[in-house]
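> Residue numbers for the sequence shown follow our numbering, so the first one is 55 and each next one is one higher.
In this text, a Cβ means the ideal position worked out from N, Cα and C, and glycines have one as well.
A single structure is presented below for examination.
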Amino acid sequence: MTVYAPPVQRLITELSKLPGVGGRTAQRLAFHLLRASDEDALALAEAIREVKARIGLCETCFNLSDGPICRICADARRDPELICVVEEPSDVISIERTHEFRGRYHVLGGALSPIDGVDPEDLKIAELYRRVGSDTIREVVIATNPTTTGEATALHIAEGLREQSPGITVTRLASGLPVGADLEYADELTLGRAFAGRRAV
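Right, dumping it as structure tokens:
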């Protein structure tokens with residue numbers, strides 16, 4: 055039997071469904087919202103309603119967008135011959151923060167994971183192949199996560215692109231030691247990749 059009134063318990067239950075939010079954090083957030091002014095609480099509710107109503111996927115790259123085409127695909131200053139393949143829209147934000155990439159993106163919507171029932175048909179891989187086949191693409195940068203599922207996805211996409219479009223350059227983001235890290239704390243896989251990806255200085 056719960057000690058909270060049903061509306062409070064419902065709020066705690068819904069908040070606890072958010073990633074990284076456990077029961078105690080959900081309680082703290084719920085009590086914070088109860089203490090907040092009506093304007094602040096309703097502004098949060100309206101922001102959630104608006105984002106669910108207005109935000110969809112870009113017809114070209116499947117990034118989040120408030121129209122048929124996202125702002126990156128609509129930006130004429132971006133290089134249309136360079137595509138960066140990522141797993142999720144949040145990865146686009148991470149890459150954009152570096153200010154190093156001036157091409158366009160393709161968001162897969164996840165990574166291959168047969169154990170979890172995620173097959174190539176469940177991702178936007180076929181759409182990537184169609185896009186590469188119909189546009190003048192010079193290079194595809196595969197920027198999936200350096201995890202088991204991310205590596206499997208990268209290999210699958212690279213093989214498919216080599217078969218379909220052998221003239222296109224397919225690259226993978228380098229991985230290795232983070233800046234400021236000590237060698238003694240690096241695991242063997244990270245250190246091995248750092249050696250494999252070494253370059254002249």
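Leaving aside the five residues before and after residue 116 along the sequence, list all residues of the same chain whose C-beta is less than 6 Å from its C-beta, in chain order.
Excluding residues within five positions, the ones whose Cβ falls inside 6 Å are 161 and 178.
> Measure the C-alpha to C-alpha separation of residue 82 and residue 153 and round it to an integer number of angstroms.
Whole-angstrom Cα-Cα distance: 37 Å.
> In the DSSP assignment, the beta strand (DSSP E) including residue 138 goes from what residue to what residue?
First-last of the beta strand (DSSP E) with residue 138: 136 to 140.
> In whole angstroms, give me the CA-to-CA distance for residue 60 and residue 199.
Their backbone Cα atoms lie some 41 Å apart in a straight line.
> Following the continuous beta strand (DSSP E) through residue 223, name the residue where it begins and the one where it ends.
Residues 223 to 226.
> Say whether the region 180 to 198 touches the region 135 to 149, bearing in mind that this needs 3 or more beta-carbon pairs closer than 8 Å, one atom from each stretch.
Short answer: they touch.
> The alpha helix (DSSP H) that contains residue 102, what's its start and end?
Here the alpha helix (DSSP H) through residue 102 covers 92 to 108.
> So what's residue 144 in DSSP terms, helix, strand or just coil?
Residue 144: helix per DSSP, three-state reduction.
> Between 158, 240, 91 and 232, which lies nearest to residue 196 when the distance is taken from Cα to Cα?
Of 158, 240, 91 and 232, the residue nearest in Cα terms is 158.
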